[in-house]
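Novice:
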Amino acid sequence: MVTSITNKTTNQTISLEEFLQLPETKPVREYFDNKITQKPMPQAKHSRIQGKLTKVINDVVEESKIALAFPELRCNFNDKSIVPDIVVLTYNHIPKDENGELTNTISILPDWMIEILLTILKMAEKLKVLRIKPYA
Numbered sequence: 025m026v027t028s029i030t031n032k033t034t035n036q037t038i039s040l041e042e043f044l045q046l047p048e049t050k051p052v053r054e055y056f057d058n059k060i061t062q063k064p065m066p067q068a069k070h071s072r073i074q075g076k077l078t079k080v081i082n083d084v085v086e087e088s089k090i091a092l093a094f095p096e097l098r099c100n101f102n103d104k105s106i107v108p109d110i111v112v113l114t115y116n117h118i119p120k121d122e123n124g125e126l127t128n129t130i131s132i133l134p135d136w137m138i139e140i141l142l143t144i145l146k147m148a149e150k151l152k153v154l155r156i157k158p159y160a
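Going from the sequence shown to the working numbering is simple: count from 1 and add 24.
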């Protein structure tokens with residue numbers, strides 16, 4: 025199924041396939057619910073949390089080949105193209121080419137999609153409410 029959306033400035037429609045042919049932008053654009061949206065540019069606190077969380081996840085799951093965490097990885101699935109802050113794919117879901125190398129295109133629903141929405145203070149408050157101690 026090809027999903028089309030209307031470009032409000034020209035009244036033309038664009039399909040997911042056409043969206044994927046557009047050049048990448050910074051900040052990235054996403055195609056979701058028949059709309060093209062642009063993600064906000066990450067700020068320093070957001071980037072720091074993203075980097076640390078990606079590292080912590082990979083420290084736990086990579087060596088034992090359970091999964092891999094990727095920051096800002098475009099995922100195309102179910103007529104959507106999104107770029108979550110962190111994507112986690114279990115090893116059996118990591119797409120590979122004929123040489124067994126990781127492919128650049130992810131065309132499946134990720135096992136985990138993580139969006140960082142909280143400031144450090146709000147995250148600390150949430151962890152306290154959930155009775156989870158922050159990773160030191």
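Cβ coordinates follow ideal geometry from the N, Cα and C atoms, glycine included.
Nothing here was measured: the structure is a model prediction, and the numbers come from that model.
Identify whether Thr61 lies in helix, strand or coil by the three-state DSSP scheme.
Specialist: strand
Novice: Just how far apart, CA to CA, sit Gln62 and Ile73?
Specialist: So the alpha carbons of these two residues sit roughly 21 Å apart.
Novice: For Leu126, which residues from the same chain have a beta carbon less than 8 Å from its beta carbon, with the 5 sequence-adjacent residues on both sides left out?
Specialist: Ile118, Pro119, Lys120
Novice: Just to check my reading of the structure: Thr78 and Ile110 have Cβ atoms closer than 8 Å, yes? What is that Cβ distance to the nearest angstrom?
Specialist: 5 Å
Novice: Check whether the segment 95–115 and the segment 36–54 touch, using three or more Cβ-Cβ pairs below 8 Å as the test.
Specialist: yes
Novice: Here's the rule I'm using: 16 or more other beta-carbon atoms within 10 Å means buried, otherwise exposed. How should Phe94 be labelled?
Specialist: buried
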